[in-house]
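Since the structure comes first, as structure tokens, the remarks are kept for the end.
Residue numbers (the numbering used here): 7 to 90.
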């Protein structure tokens, strides 16, 4: 993104690309795929999650840890950032 800014290149950041549509004419710039994928346990019950982490994978991880409320994420494609 810094390179794009320094060279006045348009850019767009996407998650995993699910639910993204692009015009047949294309995009005159850079399409950047978010690969900030991490899941870190800070303390019991408190996690940090990268915006590029798969949303359905987060749902499974939470369920495996005994947490409830995110079961619906199992069927949703895309990333945590896209879900927010």
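For every residue, glycine included, the Cβ atom is placed at its ideal position computed from N, Cα and C. None of the values given here were measured: they were computed from a predicted structure.
As assigned by DSSP and simplified to three states, the class of residue 12: On the chain shown, residue 12 is found 6 positions in, with the first residue counted as 1. In the structure shown, residue 12 sits in a helix (DSSP, three-state: H, G or I).
Inter-residue Cα distance where the pair is residue 35 and residue 72: For the purposes of this step, residue 35 is identified with residue 29 of the chain shown, where counting begins at 1. For the purposes of this step, residue 72 is identified with residue 66 of the chain shown, where counting begins at 1. Taking the straight line joining both Cα atoms gives about 43 Å.
N- and C-terminal bounds of the alpha helix (DSSP H) containing residue 26: Mapped onto the chain shown, residue 26 falls at position 20. Neither: residue 26 is in no alpha helix (DSSP H) and is coded neither H nor E.
Assigned exposure category for residue 47 - 16 Cβ within 10 Å defines buried: Start at 1 with the first residue of the chain shown, and residue 47 comes out as number 41. With fewer than 16 other Cβ atoms inside 10 Å of its own Cβ, residue 47 counts as exposed.
Residue 61 - containing beta strand (DSSP E), residue span: Here the question's residue 61 lines up with position 55 in the chain shown. Not the beta strand (DSSP E): residue 61 falls in the alpha helix (DSSP H), residues 61 to 70.
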